[in-house]
Each structure stands twice: as C-alpha cells, then as structure tokens.
Amino acid sequence: MDDHGEPVTGADEADRLKALYDMGILDSEPDPRFDRIVRTAAAVFRCPRAAIILIDADRLWFKAKLGIPIKEHPRAGTLGERMLRRRELVICGDLHADPVFEPLVRDLPTVDVRFYACAPLFTRKGEMIGLLALGDPEPHPPATPDMAAALADLADLAMEEFNRDVEAAATVARRKLDEQRVHLALQAARMGEYEWDLAQDRVILSDRTASLLDYPSGLMSAEQGERLRNMVHPDDREVVTQAIKRAIDETGLYEVEYRHVREAGSPPSWRYTAGVVLYGPDHTAERVIGVTQDIDDRKREEERLQALLAELDHRVKNVLAAVQSLAVQSARRSGSLDSFLKTFQGRLKAMASAHDLLTATRWRGAMLSDIVGAELGGLAPLQTRWDGPELFLTPRAASALSLALHELAINAVKYGALSVEMGRVDVAWRLSPSGGFILDWVESGGPRVSPPSSERGFGATLLSEVAGRELGGQVEMDYRPSGVAARIEASVHAIGERRSTDVAFEAEHVAGQILAEFSPASPMSGSRTDVAGLRLLIVEDSVLLAMELEAGLTELGAKVAGVAATLDEAMGMTSLALDAAVLDANLDGLSVAPAAEALRSRGVPFVFATGYADRAAPMGFDAPIVRKPYNVGQIAAALAQVAKPA
Numbered sequence: 001m002d003d004h005g006e007p008v009t010g011a012d013e014a015d016r017l018k019a020l021y022d023m024g025i026l027d028s029e030p031d032p033r034f035d036r037i038v039r040t041a042a043a044v045f046r047c048p049r050a051a052i053i054l055i056d057a058d059r060l061w062f063k064a065k066l067g068i069p070i071k072e073h074p075r076a077g078t079l080g081e082r083m084l085r086r087r088e089l090v091i092c093g094d095l096h097a098d099p100v101f102e103p104l105v106r107d108l109p110t111v112d113v114r115f116y117a118c119a120p121l122f123t124r125k126g127e128m129i130g131l132l133a134l135g136d137p138e139p140h141p142p143a144t145p146d147m148a149a150a151l152a153d154l155a156d157l158a159m160e161e162f163n164r165d166v167e168a169a170a171t172v173a174r175r176k177l178d179e180q181r182v183h184l185a186l187q188a189a190r191m192g193e194y195e196w197d198l199a200q201d202r203v204i205l206s207d208r209t210a211s212l213l214d215y216p217s218g219l220m221s222a223e224q225g226e227r228l229r230n231m232v233h234p235d236d237r238e239v240v241t242q243a244i245k246r247a248i249d250e251t252g253l254y255e256v257e258y259r260h261v262r263e264a265g266s267p268p269s270w271r272y273t274a275g276v277v278l279y280g281p282d283h284t285a286e287r288v289i290g291v292t293q294d295i296d297d298r299k300r301e302e303e304r305l306q307a308l309l310a311e312l313d314h315r316v317k318n319v320l321a322a323v324q325s326l327a328v329q330s331a332r333r334s335g336s337l338d339s340f341l342k343t344f345q346g347r348l349k350a351m352a353s354a355h356d357l358l359t360a361t362r363w364r365g366a367m368l369s370d371i372v373g374a375e376l377g378g379l380a381p382l383q384t385r386w387d388g389p390e391l392f393l394t395p396r397a398a399s400a401l402s403l404a405l406h407e408l409a410i411n412a413v414k415y416g417a418l419s420v421e422m423g424r425v426d427v428a429w430r431l432s433p434s435g436g437f438i439l440d441w442v443e444s445g446g447p448r449v450s451p452p453s454s455e456r457g458f459g460a461t462l463l464s465e466v467a468g469r470e471l472g473g474q475v476e477m478d479y480r481p482s483g484v485a486a487r488i489e490a491s492v493h494a495i496g497e498r499r500s501t502d503v504a505f506e507a508e509h510v511a512g513q514i515l516a517e518f519s520p521a522s523p524m525s526g527s528r529t530d531v532a533g534l535r536l537l538i539v540e541d542s543v544l545l546a547m548e549l550e551a552g553l554t555e556l557g558a559k560v561a562g563v564a565a566t567l568d569e570a571m572g573m574t575s576l577a578l579d580a581a582v583l584d585a586n587l588d589g590l591s592v593a594p595a596a597e598a599l600r601s602r603g604v605p606f607v608f609a610t611g612y613a614d615r616a617a618p619m620g621f622d623a624p625i626v627r628k629p630y631n632v633g634q635i636a637a638a639l640a641q642v643a644k645p646a
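In this text, residue positions in the sequence shown follow full-length UniProt numbering: the first is 1, and each later residue adds one.
This is the structure we're talking about:
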C-alpha cells in the first residue's frame with residue numbers, strides 16, 4: 001500500500017521481489033554480523049526493539065532482531081508495508097502526535113510503538129528489498145542529524161554484507177560449476193589429474209587418475225618418483241623420466257605417451273600425461289601438476305590405420321605391377337598399336353570393374369554372379385545367360401575370375417559365339433565336392449571352332465595362371481567345333497565369408513550400374529562419338545590424363561579451349577566460349593562443384609570423370625559420369641550426348 005493504503009503492485013513490485021529472490025537471502029541462517037548491526041542501531045537510538053527486515057510478497061521476515069519474539073509477520077497492515085512507497089529514511093519521535101504519520105497508523109492496530117525509525121535497504125540497482133527499523137512504545141525526543149546519519153550508515157553496512165554474501169555465493173556457485181565442467185570434461189576425455197609435491201616427496205592421485213592407473217587414490221609417498229615410474233612399462237620408463245627431468249630442469253612443461261603396466265596377464269595400455277612444473281622464489285621446482293589420459297583406443301586406431309596404409313601400399317603396388325604385366329604381355333602379343341590399346345584397355349577395364357565390386361563390399365569379396373554380370377551384361381545381353389548358386393568370393397579370387405572371364409568374353413566377341421548374331425554363351429557354376437566351385441563356359445551357334453596353334457597366347461596363359469595360382473584350381477579348354485567350352489575349377493580357399501545385408505545391397509547396386517554403363521542404350525557405349533568442332537574445356541588434375549584427353553579429343557576434331565588442373569584455373573576458364581566440358585570430380589582434394597555450378601549457370605553442359613565407385617552424379621548435378629579408367633572414346637561419346645555446338 002502507499003501512504004494512503006493503496007496496494008503496492010505492478011512491474012516495480014515484481015522487479016523488487018525478483019531482486020530479493022535472486023539474492024537468495026530470505027530464510028537464511030542467523031548471522032552475528034547482522035546481529036551486531038541491529039544491536040548498534042538500538043544502542044544509538046536507545047530503543048528496546050530493532051530489526052533488519054526483508055519485505056517479501058506477503059510477509060516481513062526478520063534477518064536479525066532485538067526485542068522481537070517472532071521470526072516473521074504478515075506484511076499487510078504494517079509500517080513496513082507503508083514504507084515501501086516512501087523509500088526514504090524516516091525518524092518519528094511520536095507517531096500518535098505527528099501530523100504526517102498519525103493518519104498512517106490510525107487504522108493499523110498492529111502498530112504498538114510511539115517512536116519509529118527506519119532506513120531502506122537498496123540493492124545496487126535501486127530496488128528496495130527491506131528496512132533497518134527501530135521502535136519504542138515510548139515517545140522519543142527529536143533525533144539529531146548524527147543519529148540519522150548513523151542509521152543510514154548502518155543500513156548501508158547491512159547491504160554491503162548482503163552483497164558480499166551474494167558475491168561469495170556466486171563465486172562458490174561458479175567454482176562448483178567450473179568443477180563440474182572440469183569433471184565432465186575430464187570424464188569425457190577419460191582424463192584424470194594428479195599433483196606431485198617434489199619438496200615433500202608426496203603425490204596425490206585423484207579418483208579419476210587412480211582409476212586410469214589401477215592404483216589407490218589419495219595422498220601417498222612418491223618414493224623419489226619410483227612409485228610413478230613403476231606404473232610405466234619398462235621399455236618406456238627412460239623416455240618418461242627424461243621428459244619430466246627436462247621439464248623440471250629447463251622447460252617447465254612436459255607431455256609424453258607411454259604404455260601403462262597393468263595387472264599380471266593383461267596387455268599394457270596406452271596413456272598420455274602432461275604436466276607443468278611450479279617453482280619457488282629461488283626457482284627451485286616445488287611441485288608438478290599434471291593430467292593423465294587414456295589414449296588406448298586412439299593408439300589402437302593409429303595402429304589399425306598404419307596397417308591399413310601398409311595394406312593399401314601393398315595393394316597399390318600389386319595393382320601397378322599387374323597393370324605393368326598386362327601392358328607388357330598385351331604389347332608382346334599385339335600386331336599393331338590399335339590392337340594393343342583395345343586389348344590393354346579391355347583388360348584394364350575388367351580389373352577396374354572387379355575393383356569396384358570389391359570396394360562396394362569394403363574389400364571383403366564379391367558375389368560370383370555380380371562378377372559374371374559385370375563382364376557379360378554389357379557385351380551382348382540377348383546372347384548371354386548365366387546361372388548358379390549365390391557364392392561369395394574372396395578379393396583375390398574375385399579379381400582373378402574377372403580377368404579370366406574377360407579373356408573368354410573378348411575371344412568370344414572377336415572369334416567365337418558373340419561375333420555373330422545367332423551365337424550364344426551360357427555360364428553356369430556350382431559348388432564342387434571339395435568345397436570350392438566349378439564354372440562352365442559354353443559357346444554355341446558361332447563360327448566353326450578349330451584348336452589354336454601350338455603357341456599359346458597371353459590370354460590362354462592368363463587363364464591357366466589365374467586358375468592355377470589365384471583360384472587354387474585349374475582350367476580345362478575344349479575347342480569343340482560347335483563352340484569353345486571352358487571349365488574353371490577353384491579351391492575352397494576362393495570362397496569367402498557371407499556379406500551383410502547392407503554390403504550386399506551396395507554390391508548389387510554397383511553391379512547394376514556397371515551393367516547399365518555398358519548396355520547398348522548407355523550414352524557411354526560408344527554409339528556416338530562425334531565431337532568435331534566442339535569447343536571443350538578439360539578440368540583434370542592428373543597431367544597425364546589431361547594430355548591424353550587433349551590429344552585424343554583433338555584427333556577427333558574437337559577444339560580444346562582450355563585445360564585446367566586446379567579449381568582456381570577452372571573457375572578462371574568457365575567464362576570462355578564453350579560447347580561442353582569434362583570435369584574431374586575431385587581436384588587435389590577440392591570439389592569441382594563451384595566450377596560445375598558456374599558452367600551450369602551459363603548453360604554449358606558437362607560430364608564428370610571420376611574414380612569413385614559411387615555412380616551418383618557428384619554433388620547432385622544431373623550430368624553423365626564416365627568412370628576411371630576410361631578411354632577417350634567413352635569421354636567423346638558422353639560429350640557428344642550432351643553438347644550442342646554453337
């Protein structure tokens with residue numbers, strides 16, 4: 001209520017109450033500091049009653065009091081309620097005789113004092129949260145200015161103490177929050193902390209560190225560092241010792257990875273430790289504060305990665321060696337450069353298709369049906385048929401069988417059943433009694449067959465070696481007059497473990513894409529390679545591939561307007577007068593998408609060239625894709641499909 005009894009409400013009252021509640025001082029424990037303030041105020045004014053009052057929404061709560069038997073009082077109908085509106089220091093010698101205050105207390109039956117004095121308690125933002133009040137049933141003579149100043153000072157002192165408590169509580173809360181954050185961070189990082197008192201030769205391990213080191217927590221003797229050294233694997237102790245010694249003597253900091261000794265029979269696990277050395281006034285090292293982290297999973301992952309890199313290096317070198325061998329043997333058996341290129345590119349494509357199928361299964365292997373389909377499906381889909389149980393081959397067997405089937409298919413296209421429209425190739429496979437598989441290749445309806453000369457070509461040699469070494473079996477060739485028949489037998493070691501559903505789906509997807517790529521309806525099947533007169537942009541980060549493309553497309557009559565090896569170069573050439581472009585999807589680790597978007601905005605069509613097994617257009621662009629390894633004819637066919645010469 002105001003001076004005339006109107007209720008105290010509205011936004012100001014809400015702000016005042018919020019300030020009071022935010023301080024967290026309501027219903028707090030008694031405090032001798034505030035008791036002294038109350039006693040001092042009572043002594044200054046010679047009053048039997050005094051209190052520090054906090055004004056809540058519906059009550060007056062006494063933080064400290066003298067001569068008042070209760071802890072709180074209803075707010076309504078009190079002088080404290082009336083003083084909220086006045087918001088000023090008040091000293092009245094006799095409420096009943098004072099013309100200003102007599103009307104205020106006339107209807108307040110709870111007021112049983114004649115003398116009354118109060119000073120408001122203001123927060124730093126000016127909200128009034130309470131009073132320092134005094135009362136006496138007997139009237140008092142007028143107060144002196146010094147007495148009024150003393151009352152104001154005591155009220156300010158009370159607020160200073162309240163603010164100090166609030167700040168201290170906030171500091172404690174922040175510290176607890178920081179500790180909780182540190183605890184959560186250390187817990188999430190699987191990290192613990194420790195302290196090594198060098199002067200006292202004592203070490204303190206936190207619970208987290210003790211758990212990481214399989215050691216009791218708490219304070220213990222460091223035993224001149226031996227207790228800590230014994231937690232380290234013998235092979236790593238010298239490294240850890242020297243790192244800490246160098247930190248103490250020179251750098252003040254250390255960090256080192258080491259293997260931690262665990263209980264007998266358990267393999268060592270990896271830990272990381274880092275610390276800072278604290279020095280005394282004379283620069284003598286006094287203590288070390290550090291952290292320990294469990295890095296066992298990371299080290300295992302690093303070891304796995306190193307193994308994968310070694311395996312990748314091995315596979316790459318094997319692939320390069322295989323390609324080199326294919327090139328040499330193909331050249332040795334070819335009568336012309338054109339014949340060599342066609343033979344070599346076909347064999348290389350067979351290797352690439354097998355590689356894609358293996359990549360789809362994360363190099364676990366490939367389905368035999370997918371391998372057959374990838375090789376035969378694009379050659380003559382109406383003249384080939386294959387059937388057999390679902391067999392999952394190892395990576396080595398899959399690569400070998402892909403090459404073997406390629407040789408049989410190429411011979412069939414050149415000289416056998418697939419060289420005429422009425423010819424047919426049937427492929428069937430089954431499990432063998434030994435646990436491997438037997439695959440039969442039978443041609444019919446083609447030209448009459450006669451056995452080859454005594455000199456065996458590379459294709460026949462490849463078939464024999466593939467079956468004998470890579471598949472652990474043998475190849476039988478039968479040159480029947482009605483058509484070639486071949487039987488490939490593989491050992492049980494060619495059969496791999498069954499793949500998961502997700503991997504199976506991906507492999508089927510890849511196999512289907514390979515078939516689609518080489519189907520007669522595919523734009524990359526070579527149905528149209530007319531690029532004469534087209535103004536082309538080549539974006540390729542491999543110098544050799546770029547040179548091959550430029551030379552090959554130029555021979556076909558195209559005009560190469562520019563060749564870019566980097567994204568910046570490509571962006572600079574997108575404004576040229578162009579009819580089409582061929583874009584390597586990845587330029588030294590950067591996506592070619594910005595250049596593709598720039599070309600699309602100008603209406604310039606393009607095709608992607610990529611070595612990635614995923615057949616989806618990179619970055620979501622609706623553009624044809626030619627997979628590496630490719631030949632110039634495939635690129636030309638794709639460009640001719642999309643380009644519209646000016």
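The C-beta atom is built at its ideal place from N, Cα and C for all residues, glycine as well. No experiment lies behind these values; they were computed from the predicted model shown.
Alpha-carbon spacing of residue i relative to residue j, whole angstroms
i, j, result
"Val510", "Pro624", "Note that Val510 scores 46 on pLDDT, short of 50, meaning its location in the model is unreliable and no value can be drawn from it."
"Pro268", "Gly218", "24 Å"
"Val413", "Leu341", "16 Å"
"Gly80", "Asp136", "15 Å"
"Tyr21", "Asn163", "13 Å"
"Val626", "Val239", "53 Å"
"Thr610", "Val592", "11 Å"
"Asn411", "Glu421", "15 Å"
"residue 674", "Leu537", "With the chain represented from 1 up to 646, any question about residue 674 goes unanswered, as that position is not in the structure."
"Trp634", "Val256", "In the sequence under discussion, the amino acid at residue 634 is Gln, which differs from the Trp named in the question. Cα to Cα, the separation comes out at about 55 Å."
"Arg174", "Gly24", "15 Å"
"Glu223", "Leu205", "14 Å"
Three-state secondary structure (DSSP) of residue i
i, result
"Ser601", "helix"
"Met422", "coil"
"Tyr21", "helix"
"Asn230", "coil"
"Pro74", "strand"
"Asp584", "strand"
"Gly562", "strand"
"Pro120", "strand"
"Ala199", "coil"
"Lys342", "helix"
"Ile410", "helix"
"Phe101", "coil"
"Glu29", "coil"
"Thr574", "coil"
"Asp136", "strand"
"Glu489", "strand"
Cβ shell of residue i (< 6 Å), same chain only, five flanking positions each side left out
i, result
"residue 657", "Examination of residue 657 is not possible in this model, given that the chain is present from 1 through 646 alone."
"Ala565", "Asp541"
"residue 647", "A query on residue 647 cannot be resolved here, the shown segment of the chain reaching from 1 to 646 and no further."
"His140", "Gly93 and Phe115"
"Ser491", "Gly436, Gly472 and Gly473"
"Leu253", "Ala247 and Val276"
"Trp386", "Val372 and Val427"
"Phe608", "Leu583, Ala585, Pro618, Ala623 and Ile625"
Contact set for residue i: own chain, Cβ-Cβ below 7 Å, skip 5 residues either direction
i, result
"residue 692", "Nothing can be reported for residue 692, as the shown portion of the chain is limited to 1 through 646."
"Pro523", "Reliability fails at Pro523, whose pLDDT of 40 lies under 50, so the model's placement of it is uncertain and no value is given."
"Tyr194", "Val203, Ile204, Leu205, Ser206, Thr209, Gly290 and Thr292"
Neighbourhood of residue i by C-beta, 8 Å cutoff - its chain only, sequence neighbours within 5 removed
i, result
"Ala19", "Thr123, Lys125, Glu127 and Ile129"
Minimum Cβ-Cβ distance from residue i to chain D less than 9 Å
i, result
"Gly218", "Included in the structure is just one protein chain, with no chain D present."
(Q) Is it the case that the stretch 96-114 contacts the stretch 18-36, given that we only count it when at least three CB pairs across the two stretches are under 8 Å? (A) no
Q.
Report the start-end ranges of each beta strand (DSSP E) in the UniProt domain "PAC" (254-307) that is 3 residues or longer and not cut off at the edges.
A. Fully enclosed beta strand (DSSP E) runs of 3 or longer: 269-279 and 285-294.
Q.
Could you check whether the stretch 423-434 touches the stretch 383-391, counting it as contact only if at least three pairs of C-beta atoms, one from each stretch, sit closer than 8 Å?
A. yes
Q) If we count Cβ pairs, one from each stretch, closer than 8 Å, do we get three or more for the stretch 86-99 versus the stretch 54-62? A) no
Q: Can you check the stretch 363-389 for any beta strand (DSSP E) of at least 3 residues that lies completely inside it and give the ranges in chain order?
A: 384-387
(Q) Under 8 Å: do the stretch 273-281 and the stretch 295-307 share three or more Cβ pairs, one atom per stretch? (A) Taking a contact to require three or more Cβ pairs closer than 8 Å, the stretch 273-281 and the stretch 295-307 do not qualify as touching.
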